[in-house]
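One structure is given below, encoded as structure tokens.
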Amino acid sequence: LIIGRAGVGKSSLINATFGSDVARVGAGKPVTLSYKCYSSPDVLVNIYDSAGWEGGAEGEQKFLKDTEDFLNQRQTANLEDRIHIVWYLVDAPGARFTDF
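So for the sequence shown, the working numbering puts the first residue at 2; every next one is plus one.
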């Protein structure tokens, strides 16, 4: 599962991991609106892209609730369908970590 603020490069990282443009990229604009699974016969992992969270208490609460629901659904899935790692992306030029 890849998480991070909107526009931080989650979809770009997925494309780099798979070596092709499988995820839509939006130059700093939110493109992914819900959890989406990406896979490839050449790469033996499934990567779930998440919607980027926006600032503000309401946006963070929605992101946390949606993420908790998604993880709970995956926890009850078969072992190969479960989430095994969370990849947390930060905005490196911003040089600040944001709590969520």
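Glycine residues also receive a C-beta, built at the ideal position from the N, C-alpha and C atoms.
Check, Outcome
"Beta-ladder partner(s) of residue 6, from DSSP", "54"
"Environment of residue 12 [buried if 16+ CB atoms lie within 10 Å]", "buried"
"Residue 65 in three-state terms, based on DSSP", "helix"
"For residue 87, the nearest candidate out of 79, 71, 94, 26 (CA to CA)", "71"
"Secondary structure of residue 90, DSSP reduced to three states", "coil"
"Nearest neighbour of residue 85, chosen from 75, 92, 91 [CA to CA]", "75"
"Endpoints, the alpha helix (DSSP H) within which residue 21 is located", "That residue, residue 21, is in no alpha helix (DSSP H); it is neither H nor E in DSSP."
"In DSSP terms, what residue 40 is bridged to", "47"
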